[in-house]
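Residue numbers (the numbering used here), protein chains in the order written: chain A, 10 to 985; chain B, 3 to 418; chain C, 8 to 101. Here the structure comes first, spelled out in structure tokens, and everything after it is commentary.
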Amino acid sequence: MTRLTGGLIDRSQTLRFTFDGQGFAGHSGDTLASALLANGVRLMGRSFKYHRPRGVFAAGSEEPNALVELRAGARQEPNSRATVVELFEGLEARSQNRVGSLRRDLLAVNDLMSPFFAAGFYYKTFMWPRAFWERFYEPAIRRAAGLGSLSKEPDPDAYDAGFLHCDLLVIGGGPAGLAAALTAARTGARVILADEDFRLGGRLLAESAPLDDAPATDWIAGLEAEFASLPNLRVMRRTTVWGTFDHGIYGAVERVADHLATPGRRVRQTLWRITARRTILAAGATERHIPFQNNDRPGIMLAGAMRTYANRYAVSPAPRVAIFTNNDDGHRSALDLAARGVEIAAVIDPREGVRAQGDYPLITGVVGNAKGRLGLTRIEVVANGGSRWIDCGALGVSGGWNPNVHLASHHRGRPAWDEARHGFLPGTDGPAGMRVAGAASGQGSTAQALASGAQAAQEALADLEISATLPDLPQAEDAGLNLHPLWHVPGKGRAWVDFQNDVTVKDIALAHQENMRPVEHLKRWTTLGMATDQGKTANVTALAVMAELTGRTIPQTGTTIFRPPYTPVALSVLGGGDTGAHFRPRRLTPTHHWATAQGAVFTEVGQWMRAQYFPRPGESHWRQTVDREVLATRKGVGLCDVTTLGKVDVQGADAGEFLDRLYCNAMKSLKVGMVRYGLMLREDGHAWDDGTCARLGETHYVVTTTTAQAGPVYRHMEFARQCLWPELDVQLISTTDAWAQLSVAGPNARRLLERIVDSFDLSNEAFPFMACAGLTICGGLRARLFRISFSGELAYEIAVPARHGNALMARLLEAGADLGATPYGTEALGVLRIEKGHAAGNELNGQTTAQMLGMGRMVSTKKDSIGAVMSRREGLAVDRRVLVGLQPVDPADPVVAGAHLFAEGAPQGTGTDQGWISSACFSPHLGHAIGLGFLENGSERMGEVIVAANPLQGQSMRLRVVSPHFVDPEGGRVRD
Amino acid sequence: MRFSGFRVFTEALRGHKGWQPLWRNPEPQPAYDYVIVGGGGHGLATAYYLATTFRQARIAVLEKGWLGSGNIGRNTTIIRSNYLLPGNQPFYEFSMKLWEGLEQELNFNAMVSQRGILNLFHTDAQRDAYRRRGNAMLLSGADAELLDSAQVRAMYPFLNFDNARFPIKGGLLQRRAGTARHDGVAWGYARGADMAGVDLIQNCEVTGFRIENGRVRGVETSRGHIGAGKVGVAVAGSSGRVMAMAGMRLPIESHVLQAFVTEGLKPVIDGVITFGAGHFYVSQSDKGGLVFGGDIDGYNSYAQRGNMAVIEDVAQGGMALMPMIGRARLLRVWGGIMDMSMDGSPIIDRTPIEGLYLNAGWCYGGFKATPASGHAFAHLLATDTPHDTARAYRLDRFARGRPIDEKGMGAQPNLH
Amino acid sequence: MLIPHPLLGLRDSSEFTYLGDAALLDRPDGMAEGAAARFHDYVHLRDNPAGIHRELWFHEQGDRSWLVVTRNTVTHEILGAELAREARLKGGAA
């Protein structure tokens, strides 16, 4: 055991867990990584490419090595960083990316083959023979690549999404963030403090230095007590702000229940969209390492991480450790470890003239190599022109600190190189409203962090005209780093820069040799920085190595763009829980519950659920049902809910003029009490949407749209009203959901309606085809009646306030029982309209024109209307494809929508294509299949036999070209 | 230097000392016969085919940043030829055929992987439209299969079949479609062009055109004037900005499209899958990351970054379609600038300025077109006649009323 | 993004539907001489600037106002917003 005394773990709570099936115990307050170290486990994973044995490298979210599959079953989470997994009772983790056991990974053979696997090698080989790439090489590569595994089961947990607003968002709960939050919250401003850790304090939790002569945790505890009393401050622990978006919007994920075995009744995580007027980024800094030969041995880690494990988690990776540092901070790690009883084998520091700060051996030199494949045993120290091996079980490496500028550069602002601090600081072109404080801004000592945090809060609030007083801050350490840059230790073997993706100094040199020198080429050629840690511990070091090779400075060499998210975010929570049946809302028609009771089968039409057909007992196939519904409508009367068609109320003195400009045909001339079919074009001249336009009064029209375009047409009408012709006196309101509208179609339609209208003359003379009126029905219920037909039958559409739709449907069905009243669904609706030759969505697909639809003459040349000018463009005018009816020469043949049309005997290819079938169905009225399609010169080819090719399904049918009006082509029925 | 497994082997044994630069870093010459503006995929491919297939010389590619920094450096790597319209489908099928022999042609492994693309449909009307499209593909000489729901389930059992808001009714499958390693394509063409004598000039931003009497004479650049007999502009994303320097307005808006990749995972998704009831498409890279995307953000942008609403929308689409990806973590999201044209289709054409040629308007479909686009643009530059499969991509098709509008959305770029 | 609605204050852009360049306010007269060329320009050609862009947004999930928003397409900074109706009555997109 390597547990030390003290620390911030709760020894009264022992938590049992397993790693690779072996049972261990840790304490509350441990992470999986600290608990494993406390149990003497240094080997935790395998690297991506060479499958090198790896141990934990960091103590935070930047961890590149210690990735595990966490939990089991459907909750399995691949690539979980052991350093941020809070220990809980029963935790189950497995190492990943291995074949066989973690200690004896068969793919470690890749490491022996590593000379062949240099940067970019795969671009140069695996090309012969051609077929082998997909059959052999690539599958092998895919199996070896990847890291952890998904369970392949749906995520069983619940997620949520929410919005938060604040005056000041403070990102990071370390000394700078705490000081900022305190300063701001005391003013009464709305403040959010978000921190990714489960415990506030940030770096303070990892340090031994006191604040005002007391442990830092005392100060934090005092703050937390005050925070709890401030209702204007929201403290969000376990919350990672992962992305900076426009105008002060930040993406954050709160891990609500990840520290529990299962979430129980809670959501597992919540996605927050935080809108902040001002932001302080106090995300701290990440320590960087110094590459040397075999610097990836398990047991070699960041010196600051080693200090964190000792101070916070009371654990040392080994009883005897060494430190390799080019700055004073490494010595602090040595002192803290020594103070906790860990034996310091040596501190190796390349800086001349540095003195030991405590009782430990100091060697002026560098570490040149390391041994211990599954766990560090010895390091080679190069000093005074010679070298010697020193035994140690762990080595802490410190090459300085990189400010965490990620969130400040999500808007593509470039970090700026600071020569004095040897690091990239946030640039001046960062996100509007964001200030950076503490170590993230290069203010790395505790005293600097506290002061800069408080000051940043005061300045941010001053922007908002809120006056803040700087709080009394505790006395804190204010030591510098005195860093002397050392970017890597030159040597023969492989020295790792990016651990997870196995990018070594040699790979960078090879990229240089092959002229892959721009930083983006370097990244892409070597895969540097593309692992799950996004290169948090690697990128700056790699840049420095490339700078050294090119003889340029680091800022001349470049930087990389940081992209969201700051740390990886589960797709489940990004989806916010809107999964499965809840993916999109369901819109229900007014007769939905009635239709449900009738046993209707429903279909999705956009967001709407519509009754598709109404099967009756004994009907074994949907076609049986649909045929019955169609014939019942043509012989008696059918009832269908058509509420989903868009409805727009148009009122005002200029309503007619307005509609004249919107529709390609004339509407102003429409008489009050009449309805007209209308076709809208897009401004580019193509047919867009059709519907009816009813004039209910001198200044009052009601127009309908197709179901699919209800939203876009209304938007377009508002565009025309507000943006094109604001001078017109016209008002619009969408009434799609306000009125339930039922189609009553069939020869008995009038007789049925006569039974429910309140003394209203429905005779053909009084209320002819295309008439409309407001009236009352059923003893006083307000209604609108339109004599329009989509089926070719005598038909009406009747509208009542939506809440009465259900009752109206029931009443009509009851009242019409002796007339053969039959409900029909969208399938029968489709058959009825194809039989009548009415265009619908398949014909109005946005690629057709009025001319193609046989409505070319509707486009008035006497007025300007949307799309009229562009509809006369040469290309549209010469398009001879036109809507025709199609029926099989052999009545037993099917007609298939999506088949392409060819002249009989013509070769079939793109160049000879003469059109396509847009809609098809079986016509119960005719007793064979029929279709509508667009055919080259179709109107001149009536009676011709053509070929419909459906090679996709191995079909070829001979079809006869006929009128699209299969039923009542003279239109007598609608006018009866 | 020829690449081969043998070469990798021998170089490994001698410590990789023999590898040469993939391309030179030449200084710009005072003048070239051909100047290609834009060192992205299309520009590099154009230069490659000009120098090889069309045997032209004195060619330079001018790149503002680093080679391959255009949208070929940030996309979702899908290649396919599954278009409906006769103006498009033969062109993309030509591209697919070039993909199929690309690695041997370039002696560079661009990891072309014909893993198949499955476009799912969820309504009868969608099925009819896909049937029409699938037939158009077959009639053009491409491959296509129409799958029913059971066949889709057999192929991808992890899709949401049981609890879907929009049930999967089937899919249109193109087996020859798939993915390619996007950077590898850029580098393969760059190396091939360099070996054929093309000067690839990085960090050379074009700041203006020299136009005399209606004819282009060269370009002004951040590295001085460079004379040119013909100038081909292939700067998708920035086409509007660059052509404005020649006094032209284009039927194009620049929009941001975000793309996404998860942490590396062991293989779970074999091919490319697109959702038909939401904005989501996905494949898995050879490295193991799920690479996916959705809709453009929808507003004009040159910012190369997007906003949160689309990230949530895309994740919702993914979760609705394949809930097993929930515990995968998004590693990185990035934005690219798209040349969104007025009909959703590209332009490969001459311009009213003699000697100035335009390759633009690729919307978010430019990657798969890279080989054919380069070939067709080189054809146009070298012969002044359009390539057979690219005849429809004319600049005047909008004025003449011959749009190539696959989606039927009309002249609103953010709807394509 | 947040859009400063002139009547409602800052509103999230997800409440809006985007159309495009505010030049769409200046629809040519379809009955005038040379309408075909003007419509081609109006419908198809765009300045597409990298920088300040006046553009149309519809408050679809809100009060159904069309707005002219002035926004920088490089930084996404929004410099102002007005009712499209008023912009049109003042004389169009200019």
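Every residue, glycine too, gets a C-beta built ideally from N, C-alpha and C.
Of the candidates A:A620, A:V651, A:F433, the residue whose Cα lies closest to the Cα of L552 (chain A) is A:F433. With fewer than three CB-CB distances shorter than 8 Å, the segment 490 to 500 of chain A does not count as touching the segment 47 to 66 of chain A. In its chain, beyond the 5 residues on either side, S454, T455, A456, Q457 have a beta carbon closer than 8 Å to the beta carbon of D487 (chain A).
The alpha-carbon of R177 (chain B) is positioned some 20 Å away from that of G907 (chain A). Judged by beta-carbon spacing, L688 (chain A) lies beyond the 8 Å limit of A675 (chain A), meaning their Cβ atoms are not closer than that value. Sequence-distant partners of S151 (chain B) (beyond 5 residues in either direction) whose C-beta falls short of 6 Å from its own C-beta, in its chain, are I170, K171, G172.
Against chain A, the beta carbon of V76 (chain C) has no neighbour under 9 Å; the closest one sits roughly 12 Å away. Considering only beta carbons, the part of the segment 847 to 868 of chain A lying closer than 7 Å to chain B consists of G850, N851, N854, G855, Q856, in chain order. Closest option to E913 (chain A), judged by alpha-carbon separation, among A:S932, A:L941, A:K871, A:A958: A:A958. Residues of chain C with a Cβ closer than 7 Å to the Cβ of D255 (chain A) are, in chain order, M8, H83. Per the C-alpha coordinates, the member of A:Y131, A:N241, A:A808, A:L156 positioned closest to H174 (chain A) is A:N241. Excluding residues up to 5 positions away in sequence, W142, Y146 lie with their Cβ nearer than 6 Å to the Cβ of F135 (chain A) in the same chain.
DSSP, reduced to helix, strand and coil, places G829 (chain A) outside both helices and strands of the structure shown, so it counts as coil.
Residues of the segment 47 to 64 of chain C with a Cβ closer than 7 Å to any Cβ of chain B, in chain order: H47, V50, H51, L52, R53, D54, N55, A57, H60, E62. Taking a Cβ-Cβ threshold of 7 Å, the residues of chain C close to F400 (chain B) are H47, H51, in chain order.
Non-local C-beta neighbours of P440 (chain A) in its own chain, meaning closer than 6 Å and more than five positions away in sequence, comprise T253, H420, ordered along the chain. In this structure, D358 (chain A) and N335 (chain A) form a Cβ contact; the two beta carbons are roughly 7 Å apart against a cut-off of 8 Å. Here A322 (chain B) is not near T279 (chain A), since their CB atoms are 8 Å or more apart.
Within the segment 308 to 328 of chain B, those residues whose Cβ lies closer than 7 Å to any Cβ of chain A are, in chain order, N309, M310, I313, E314, A317, Q318, G320, M321, A322, P325, M326, I327, G328. Membership of A291 (chain A) in any beta strand (DSSP E) is not indicated, and neither H nor E is assigned to it by DSSP. Chain-order list of chain B residues neighbouring S21 (chain C): A311, by C-beta distance under 8 Å.
Within the segment 179 to 217 of chain B, complete alpha helix (DSSP H) segments of at least 4 residues are found at 184 to 197, given in chain order. Look at E222 (chain B) here: in three-state DSSP terms it is strand. Of the residues A:V244, A:V614, A:L583, the one whose Cα lies closest to the Cα of L597 (chain A) is A:V614. In this chain, the beta strand (DSSP E) harbouring A62 (chain B) covers 61 to 64. Taking 8 Å as the upper bound for CB-CB distance, H44 (chain B) and S375 (chain B) are in contact here, some 5 Å apart.
According to the DSSP assignment, A331 (chain A) belongs to no alpha helix (DSSP H) but to the beta strand (DSSP E) extending over 329 to 334. Membership of I313 (chain B) in the alpha helix (DSSP H) is indicated by the continuous run 310 to 323. Nearest to A33 (chain B) by alpha-carbon distance, out of B:I313, B:D130, B:V200, is B:V200. Contacts with chain C at 8 Å (Cβ-Cβ) include R724 (chain A). The beta carbon of P253 (chain B) falls within 8 Å of a beta carbon belonging to chain C, placing the residue at that interface. Put simply, the CB of E692 (chain A) is near chain C, with a gap under 8 Å to one of its CB atoms. Residue contact check for G27 (chain C) against chain B: a CB pair falls below 8 Å. According to the DSSP assignment, W251 (chain A) belongs to the beta strand (DSSP E) that extends over 248 to 253. Along the segment 130 to 159 of chain A, the positions whose C-beta sits under 8 Å from a C-beta of chain B are F130, Y131, Y132, K133, T134, F135, M136, W137, R139, W142, E143, E147, I150, R151, R152, A154, G155, L156, G157, S158, L159, read in chain order. Residue-level contact check: Y301 (chain B) touches chain C, since one or more beta carbons of chain C fall below 8 Å from its beta carbon.
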